[in-house]
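Numbering (this note's numbering), first residue to last: 6 to 169. Notes follow the structure.
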């Protein structure tokens, strides 16, 4: 139990560091909501190296802490909705073994943007935000692929480390 708690702390710190670094990197494309998703690298690794419950807890803790430290209540709302939907889909796809880790990560990136877009439509009370769907889907695919590729390489190096 102590080892698991220590690893959870390490992963939380890494996810927060990546969240902070992401605030420093300007993504200038003119489309709201497009981000690199660096903290999702840690979530994907925990999903594959530990378990779904730990990944879910880490995702929620990371979103709340990063939101209060670097964002606001709306960023928490959007990130939480995207993160929960994304993790649900990634956990399902991982369990089915239909896709590689990279495919699961791409689905996670796309679903993260879809989750945020649904909440945005509810908050602004209009579906005009759906105009962004093609751009957000493309961004989710590209960033999901990059995160998935990186996570796959990192997990190769973590094969010998037992986390739980």
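Backbone N, C-alpha and C define an ideal beta-carbon position, used for all residues, glycine too. A quick note: this is a predicted structure, and the numbers were derived from the prediction, not measured.
Residue i versus residue j - alpha carbon distance
i, j, result
"residue 87", "residue 30", "20 Å"
"residue 11", "residue 133", "45 Å"
"residue 128", "residue 138", "16 Å"
"residue 162", "residue 18", "20 Å"
Exposure of residue i, with buried meaning 16 or more beta-carbon neighbours within 10 Å
i, result
"residue 79", "exposed"
"residue 117", "buried"
"residue 125", "buried"
"residue 40", "buried"
"residue 166", "exposed"
"residue 100", "exposed"
"residue 73", "exposed"
"residue 67", "buried"
Helix, strand or coil at residue i according to DSSP, with G and I counted as helix
i, result
"residue 118", "helix"
"residue 74", "helix"
"residue 165", "coil"
"residue 150", "helix"
"residue 124", "helix"
"residue 6", "coil"
"residue 131", "coil"
- Between the region 102-119 and the region 60-69, do three or more beta carbon pairs fall short of 8 Å? When C-beta atoms of the region 102-119 are compared with those of the region 60-69, fewer than three pairs fall below 8 Å, so the two segments do not count as touching.
- Message: Give the list of continuous alpha helix (DSSP H) stretches no shorter than 4 residues that lie fully inside the region 34-115.
- Response: Segments of the alpha helix (DSSP H) lying fully in the region 34-115: 44-54, 57-75 and 78-101.
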